Amino acid sequence: MLASILLGVLCFGLHQVARADYSCSGTALTPGERILMVELHNMRRREVASGIVNNGISGTKLLQARNMKKMDYDCALETDAQNVADSCTLTQTPEAKRPTYGENIAVIEPNGATYTNGQLLANAADQWFTEILRNGMNKETHFIPYFRDKPLSPLRWSQMVWAKSNKIGCGIKNCFGLFYFVVCRYSPKGNVLDDHVYTTGTPCTQCESGCSSDGILCN
């Protein structure tokens, strides 16, 4: 399943590179890998906005999103994310050290296998998104203390699909030959207490700068 998603998004991503510049000064990722991660996020954000994603094990779907923004890549965020990845702490940066940025991490054990950056990015994005399939949230998507603090809360999912977060930058590091450390930074920051992951309602009906060509995500 993951391989088919990766192939489909990568093919689309290569088309995107042809019409947009995803070059950054960092060398850890290629332009194709950057657009791959953007499209992995936008694919999942479209799914949420369309109302087709299961809300935990409740048997219900998450409600549609009115204001889900389309993501784009940010080189400054990549620099920050790569610095975190290079540190090989294998832990999330404390919020006090990144007050305006969101952050998702994934620690991937190779178990003797060799992975491409594209595979690592797809693995990380899949880890983050599928959290919501195991542990859901209130139907209003209200980011309340209970949601933040409950065991196994899908906090990486909520940052990944936080409607107002529209910039992402990522880094990857092979740490000690034992783990791959994938880090993505987001702006504006998500997982803000008492805010909402997104506003529920018909897609693209609460966009500040119009609706994108897909009719689902806001520009």
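Residue numbers for the sequence shown, in mature numbering (1 follows the signal peptide of the UniProt record, and there is no 0): -20 to -1, 1 to 199. Just so it is clear, CB atoms sit at the ideal spot from N, CA and C, and this is done for glycine as well. Because the structure is a prediction, the values reported are computed rather than measured.
Which of helix, strand or coil DSSP assigns to residue i
i, result
"ILE88", "strand"
"PHE161", "strand"
"LYS77", "helix"
"ASP174", "coil"
"THR59", "helix"
"TYR2", "coil"
"ALA45", "strand"
"SER133", "coil"
"ASP66", "helix"
"SER189", "coil"
"ARG114", "helix"
Spatial distance of residue i from residue j (CA atoms)
i, j, result
"SER3", "GLY149", "12 angstroms"
"LYS50", "TRP137", "16 angstroms"
"GLY82", "GLY170", "6 angstroms"
"GLN(-5)", "PHE109", "Confidence at GLN(-5) is low in this model, with a pLDDT of 47, below 50, so its placement is unreliable and the value that follows should be read with caution. Distance between the alpha carbons of GLN(-5) and PHE109 is about 23 angstroms."
"residue 281", "ALA45", "Outside the shown range of the chain, which is -20 to 199, sits residue 281, and nothing can be said about it."
"VAL28", "LEU197", "10 angstroms"
"ASP60", "ASN154", "17 angstroms"
"ALA(-3)", "ALA143", "Residue placement at ALA(-3) is poorly supported in this model, since its pLDDT is 44, which falls under 50; the coordinates still yield a value, given next. Between ALA(-3) and ALA143, the C-alpha separation is close to 27 angstroms."
"LEU100", "GLY36", "25 angstroms"
"ASN22", "SER30", "12 angstroms"
"VAL33", "LEU158", "34 angstroms"
Alpha helix (DSSP H) segment containing residue i, residue limits
i, result
"GLY98", "97 to 109"
"ASN154", "ASN154 -> not in any alpha helix (DSSP H); beta strand (DSSP E) instead, spanning 147 to 155."
"GLU27", "11 to 30"
"ASP194", "No alpha helix (DSSP H) contains ASP194, which DSSP labels as neither H nor E."
Top-ranked residue by Cα proximity to residue i, from the options
i, options, result
"THR10", "ASP60, VAL87, PHE127, THR96", "THR96"
"ARG14", "PRO134, THR179, PHE109, GLN62", "GLN62"
"TYR160", "ASP129, TYR166, GLY151", "GLY151"
"SER167", "VAL141, GLY31, ARG114", "VAL141"
"ASN146", "LEU135, THR71, SER133, VAL177", "VAL177"
"SER5", "CYS55, ASP194, GLY12, PHE123", "CYS55"
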